[in-house]
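Peer 1: Numbering (our numbering), first residue to last: 194 to 407.
Note that the Cβ used here is the ideal one computed from N, Cα and C, for glycine as well.
#1: Let me confirm a value: residue 369 is counted as buried when at least 16 other C-beta atoms fall within 10 Å, else exposed. Which label applies?
#2: Would DSSP call residue 271 helix, strand or coil?
#3: For residue 296, which residues does DSSP report across the bridge?
#4: With a floor of 3 residues, list each beta strand (DSSP E) that falls wholly inside the segment 308 to 334, ordered by position along the chain.
#5: Quick check: what's the CA-CA separation for residue 394 versus residue 332?
#6: According to the neighbour-count rule (16 or more other Cβ atoms, all chains shown, within 10 Å of its Cβ), is residue 367 buried or exposed?
#7: I believe residue 260 touches residue 298 by the beta-carbon criterion, under 8 Å. Please report the beta-carbon distance rounded to the nearest angstrom.
#8: How many angstroms separate the CA atom of residue 386 from the CA atom of residue 285?
#9: So, with DSSP's three-state summary, where would you put residue 253?
#10: By a C-beta neighbour count over all protein chains shown, 10 Å radius and 16 as the cutoff for buried, is residue 377 buried or exposed?
#11: Can residue 314 and residue 248 be called in contact, C-beta distance under 8 Å?
#12: Would you report the Cα separation of residue 310 and residue 343, rounded to the nearest angstrom?
#13: Quick check: what's the CA-CA separation for residue 408 versus residue 375?
#14: From 371, 239, 398, 389, pick the residue whose C-alpha is nearest to that of residue 303; which is it?
#15: Cα separation between residue 301 and residue 255?
#16: I'd like the span of the alpha helix (DSSP H) that includes residue 352, first residue to last.
#17: In whole angstroms, what is the alpha-carbon distance linking residue 282 and residue 384?
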């Protein structure tokens with residue numbers, strides 16, 4: 194098909210014009226096509242954020258898009274908290290904020306300015322283990338160990354949730370305090386994935402700490 198007048202162009206002309214455009218882009222200076230000459234790339238938004246982590250106060254200049262997980266791992270070098278799926282689906286990044294467990298990959302660090310954050314490093318040390326850490330060792334509640342920090346942080350918080358009377362989907366009567374049972378624990382721990390399948394041992398460890406029978 195051909196057009197007449199000032200828009201008259203053959204198929205060969207279109208192909209030639211496209212090839213010229215590609216060639217020009219290939220030899221253009223880096224960034225010349227991305228932004229007008231003379232303009233500088235915008236700096237990332239930064240905010241001063243104060244986090245109290247494991248009892249220590251940290252004041253940091255953070256990109257406001259930084260997740261709490263990345264702030265802990267990259268800025269504070271607390272690498273016990275693991276990055277698994279980075280989508281809030283595996284629980285490997287679980288930490289406690291003001292006593293409540295959260296997925297640290299799904300929240301921004303600047304949202305927790307002034308909050309009290311506890312990571313696996315703040316629960317215990319090799320010389321002074323938290324009771325839940327010791328129970329995981331006793332009951333072999335881990336295999337590869339990658340998910341274990343998140344599992345332990347979540348397990349500690351779960352027992353506190355039950356003691357505080359917070360209901361779950363398997364609580365029979367929400368007007369009464371939930372029972373400290375294996376069913377309650379399994380339901381509440383369902384967001385923490387163990388690809389090695391150590392679930393039964395994890396529940397044994399939690400029952401040990403809770404002082405109940407599996």
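Peer 2: In brief:
#1: The count along the chain shown starts at 1 and reaches residue 369 at position 176. So residue 369 ends up on the exposed side.
#2: Here residue 271 refers to the residue found at position 78 of the chain shown. In the structure shown, residue 271 sits in coil (DSSP, three-state: anything other than H, G, I, E or B).
#3: Here residue 296 refers to the residue found at position 103 of the chain shown. Note: residue 296 sits in a beta bridge opposite 287.
#4: 309 to 311
#5: Against the chain shown, residue 394 aligns to sequence position 201. Against the chain shown, residue 332 aligns to sequence position 139. C-alpha separation (whole angstroms): 6 Å.
#6: Position 174 of the chain shown, counting from 1, holds the residue named residue 367. Exposed.
#7: Mapped onto the chain shown, residue 260 falls at position 67. Mapped onto the chain shown, residue 298 falls at position 105. Sure, about 6 Å apart at Cβ, within 8 Å.
#8: Within the chain shown, residue 386 is the residue found at index 193, counting from 1. Within the chain shown, residue 285 is the residue found at index 92, counting from 1. The alpha-carbon atoms of residue 386 and residue 285 are separated by roughly 8 Å.
#9: Start at 1 with the first residue of the chain shown, and residue 253 comes out as number 60. Looking at residue 253 - three-state DSSP - the assignment turns out to be strand.
#10: Here residue 377 refers to the residue found at position 184 when the chain shown is read from its first residue. Answer is buried; the Cβ neighbour count reaches 16.
#11: As a working note, residue 314 is residue 121 in the chain shown. As a working note, residue 248 is residue 55 in the chain shown. No.
#12: The residue you call residue 310 lines up with position 117 of the chain shown. The residue you call residue 343 lines up with position 150 of the chain shown. Roughly 14 Å between the two C-alpha positions.
#13: No information on residue 408 is available, as it lies outside the stretch 194 to 407 that the chain covers here.
#14: Counted from its first residue, the chain shown places residue 303 at position 110. Nearest C-alpha to residue 303: 239.
#15: In the chain shown, residue 301 corresponds to position 108, counting from 1. In the chain shown, residue 255 corresponds to position 62, counting from 1. Roughly 10 Å between the two C-alpha positions.
#16: By one-based count along the chain shown, residue 352 stands at place 159. First-last of the alpha helix (DSSP H) with residue 352: 341 to 356.
#17: For the purposes of this step, residue 282 is taken as residue 89 along the chain shown, with counting starting at 1. For the purposes of this step, residue 384 is taken as residue 191 along the chain shown, with counting starting at 1. Cα-Cα distance, rounded: 7 Å.
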